[in-house]
Amino acid sequence: MWESVEGHSSSCSSSSSSSSSSSSSSSSRIVVVVVLAVVVEVVVVVVVVVVVVVVVVVVVVVVIVVVVVVVVVVVVTAATTTTAAVVVVVIVVLIVCDRQTDRQTDRQTDRQTDRQTDRQTDRQTDRRTDRQTDRQTYRQTDKQTDRQSANQ
Numbered sequence: 007m008w009e010s011v012e013g014h015s016s017s018c019s020s021s022s023s024s025s026s027s028s029s030s031s032s033s034s035r036i037v038v039v040v041v042l043a044v045v046v047e048v049v050v051v052v053v054v055v056v057v058v059v060v061v062v063v064v065v066v067v068v069v070i071v072v073v074v075v076v077v078v079v080v081v082v083t084a085a086t087t088t089t090a091a092v093v094v095v096v097i098v099v100l101i102v103c104d105r106q107t108d109r110q111t112d113r114q115t116d117r118q119t120d121r122q123t124d125r126q127t128d129r130q131t132d133r134r135t136d137r138q139t140d141r142q143t144y145r146q147t148d149k150q151t152d153r154q155s156a157n158q
């Protein structure tokens, strides 16, 4: 009878030891699963943070590029407009100055031409008048001389 009791007790003790070892292995599995879950969550959070940071950096770079392009376009447009305005003003000033210069030159040329023409005309008129006067004077003198000679 002892043997049967002893056999029964030994089977009980082996059964309890196997149940304790299975319980410890299942708790170690739970710990591993929990640790893995935490690691996965940390990795996911890190990946999400990295993605968000990359997206923010890309957006900031794009915004900076757009702002720079807009500023360059505005500056180039303003410079072109200003240059065009300056060129137009310079052209208008040159045209006005050229017209005034032409007018002054024309006036001076006209005055000089008029003076020269007047001088030439006066000289010719004076010469003709002198010739005619001389001829008339000679004729009259000759006539008078002839009369006086005839009278004597």
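Note that our numbering has the sequence shown beginning at 7, numbered continuously upward.
Just so it is clear, CB atoms sit at the ideal spot from N, CA and C, and this is done for glycine as well.
Asked                                                                                                        : Found
Could you tell me the alpha carbon to alpha carbon distance between V56 and A43, rounded to whole angstroms? : 20 angstroms
Roughly how many whole angstroms lie between the Cα atoms of V41 and S34?                                    : 10 angstroms
Please report how far the alpha carbon of S130 lies from the alpha carbon of R121, in whole angstroms.       : One detail in the question is off: residue 130 reads as Gln in this sequence, not Ser. The alpha-carbon atoms of Q130 and R121 are separated by roughly 14 angstroms.
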